[in-house]
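Report on the structure given below.
2 protein chains.
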Amino acid sequence: MRVLGVDPGLTRCGLGVVDGGGGRTVRCVDVDVARTAPDLPIERRLLAVGAVVEEWIERHRPDVVAIERVFSQHNVRTVMGTAQASGVVALLAARAGLPVAFHTPSEVKAAVTGEGRAGKEQVTAMVSRLLGLAEAPRPADAADALALAICHCWRAPMLDRMAQAEARAAELARAHRARLAEAARAAAGATPARRVGGRAAGGSTR
Amino acid sequence: MRVLGVDPGLTRCGLGVVDGGGGRTVRCVDVDVARTAPDLPIERRLLAVGAVVEEWIERHRPDVVAIERVFSQHNVRTVMGTAQASGVVALLAARAGLPVAFHTPSEVKAAVTGEGRAGKEQVTAMVSRLLGLAEAPRPADAADALALAICHCWRAPMLDRMAQAEARAAELARAHRARLAEAARAAAGATPARRVGGRAAGGSTR
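Residue numbers (my numbering), protein chains in the order written: chain C, 8 to 213; chain R, 8 to 213.
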């Protein structure tokens with residue numbers, strides 16, 4: 008599975024492509040940071056970030072795009088720009104027909120370092136080691152994008168299994184409700200249930 | 008001037024097109040609300056909002072797109088979705104070659120009602136009156152989009168004049184600095200200034 012990880016931003020947008028093999032094997036394909044000038048109008052900055060993301064999707068043909076989920080705990084103005092950039096990345100991934108996954112910063116840190124509150128240096132060091140990089144990726148946004156892609160490689164199978172388990176549970180619950188409704192009808196004997204629009208009727212399989 | 012006003016959002020995205028004539032004349036061209044289902048993944052919702060925005064730009068050929076500036080004072084999760092949607096709208100406007108303007112909710116309210124803290128009902132009532140609508144636009148997001156477009160019609164000339172004045176002031180300041188540098192050089196007499204890379208040298212016109 009090839010993952011394009013994006014740490015969204017206007018001033019610096021981290022991009023990292025990772026190939027995930029079986030188990031925990033990961034390989035770095037490419038990493039970079041796209042920058043836009045702070046004095047440009049927001050729409051021109053989004054245009055520039057969008058162009059780079061499209062170029063990377065075209066060049067590296069990822070199977071999925073993983074984006075860092077933005078929280079508004081930091082500087083309000085910065086966060087809004089970051090959220091706008093993340094919306095643009097998600098849109099362009101969807102337009103390219105790719106699935107999109109969001110991971111929180113602590114999910115990413117926990118995945119690569121085992122510690123949800125790991126510092127930037129720790130994340131950079133672990134990313135370098137996991138990918139066997141001779142040189143640590145700089146700036147931190149580049150390392151974050153790779154960490155995000157690694158996180159997705161490792162979380163995706165688990166998320167898939169969870170989704171399958173949830174679907175199975177929902178199916179079992181539905182079958183169970185159907186059996187209950189059937190039993191209720193049988194208990195009512197020959198008298199046909201006339202109630203319509205109520206919960207019991209709405210929940211039946213008829 | 009034709010303005011497409013967008014009140015960005017994922018659950019409800021307000022769209023309103025207004026033609027601004029001379030003075031304060033405004034005419035409603037179209038208004039609607041695009042909705043996306045809350046249970047869809049974010050990227051599908053952004054895709055849907057983006058498709059509607061592109062369709063409106065294509066159909067109504069606005070001269071400019073005015074977008075409500077998002078603040079993070081409300082519910083964090085909602086605000087992030089709203090910011091992502093506003094990023095998508097700004098990107099698609101820029102891709103269509105249109106200028107983008109952001110106005111804050113209080114700028115919009117102040118423009119149409121004279122009161123920055125006006126309530127939703129007051130904004131809807133004033134929008135209906137200003138545009139001569141027989142029926143008030145519903146829901147509030149539709150009225151907000153029209154209010155935003157009206158606000159832009161009225162603020163744009165002022166913003167243009169301010170930008171021109173600022174450019175003139177910057178030009179005057181530059182000429183003044185050049186004259187000062189010239190005078191300093193003259194005062195130094197025949198001895199040529201050798202300082203390079205310092206503030207005085209960097210600020211000269213040579």
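Note that beta-carbon positions come from the ideal geometry of N, C-alpha and C, so glycine has one too.
- Query: Any idea what DSSP makes of C:T212, helix, strand or coil?
  - Reply: Bear in mind that the predicted position of C:T212 carries a pLDDT of just 42, short of 50, making it too unreliable to give a figure here.
- Under the three-state DSSP convention, the category R:D70 falls into: In the displayed model, R:D70 falls within coil according to three-state DSSP, outside both helix and strand.
- Message: Under 8 Å, Cβ to Cβ, is there at least one residue of chain C near R:A174?
- Response: no
- By how many angstroms is the C-alpha of R:R9 removed from the C-alpha of R:R31? 13 Å
- R:V77 and R:V86 look like a contact to me (Cβ under 8 Å); what is the Cβ gap, rounded to whole Å? 6 Å
- Query: With DSSP run on the structure shown, which of helix, strand or coil describes R:L22?
  - Reply: strand
- So which of C:L166, C:A141, C:A58, C:G126 has the shortest CA-CA distance to C:F109? When the alpha-carbon of C:F109 is set against those of C:L166, C:A141, C:A58, C:G126, the nearest one is in C:L166.
- Message: Quick check: the Cα distance between R:A125 and R:S93, rounded to an integer number of angstroms?
- Response: 23 Å
- Item | Minimum Cβ-Cβ distance from C:E50 to chain R less than 8 Å | yes
- R:V217 lies in the alpha helix (DSSP H); which residues open and close that run? This structure cannot settle anything about residue 217 of chain R, because the visible part of chain R is limited to 8 through 213.
- Query: Hey, how far is the Cα of R:G27 from the Cα of R:A143?
  - Reply: Approximately 19 Å between the Cα atoms of the pair.
- R:L54 CB to nearest chain C CB: under 8 Å? yes
- Taking DSSP as the reference, what is the three-state secondary structure of C:E75? strand
- In chain R, which residues lie less than 8 Å from C:V107 when you measure between Cβ atoms? P48, I49, E50
- The beta strand (DSSP E) spanning C:A108 covers which residue range? 107-110
- Query: Is the distance from the Cβ of R:K116 to the Cβ of R:V96 below 8 Å?
  - Reply: If you check the CB distance, R:K116 and R:V96 do not come in under 8 Å.
- Nearest-angstrom Cα distance between R:D37 and C:V59? 35 Å
- Item | Span of the alpha helix (DSSP H) around C:L187 | 147-194
- Task: Compute the beta-carbon to beta-carbon distance between R:A73 and R:H183, rounded to the nearest angstrom, for a pair I have assumed lies under 8 Å.
- Result: Approximately 36 Å separates the beta-carbon atoms of R:A73 and R:H183; this is outside 8 Å, ruling out the contact.
- Message: Considering only their Cβ atoms, is the gap separating C:L153 from C:L138 smaller than 8 Å?
- Response: In this structure, C:L138 sits near C:L153, with a CB-CB distance shorter than 8 Å.
- At least one CB of chain R closer than 8 Å to the CB of C:R162: is that the case? no
- Item | Short-range partners of chain R found in the region 12-46 of chain C, where Cβ spacing is below 8 Å | none
- Query: For C:D46, does the count of other Cβ atoms within 10 angstroms reach 16, so buried, or fall short, so exposed?
  - Reply: Around the C-beta of C:D46, fewer than 16 other C-beta atoms lie within 10 Å, and the residue is accordingly described as exposed.
- Message: My output table needs one value for C:G218: the three-state DSSP class, helix, strand or coil.
- Response: In this structure chain C extends from 8 to 213, so residue 218 of chain C is not present and cannot be described.
- Could you give the DSSP three-state label for C:R102: helix, strand or coil? helix
- Message: So with CB distances below 8 Å, who are the chain C contacts of R:V59?
- Response: What R:V59 touches in chain C: nothing, since even the nearest Cβ is about 13 Å away.
- Could one say the Cβ of R:V77 lies closer than 8 Å to chain C's Cβ atoms, at least one of them? Taking Cβ atoms only, chain C reaches closer than 8 Å to R:V77, which makes this a yes.
- For R:V95, return the contacting residues in chain C, with the cut-off set at a CB-CB distance below 9 Å. L53, Q91, G94, V95, A97, L98
- In its own chain, which residues sit with a C-beta less than 8 Å from the C-beta of C:D148, not counting the 5 before and 5 after it? D14, G16, R19, C20, G21, V40
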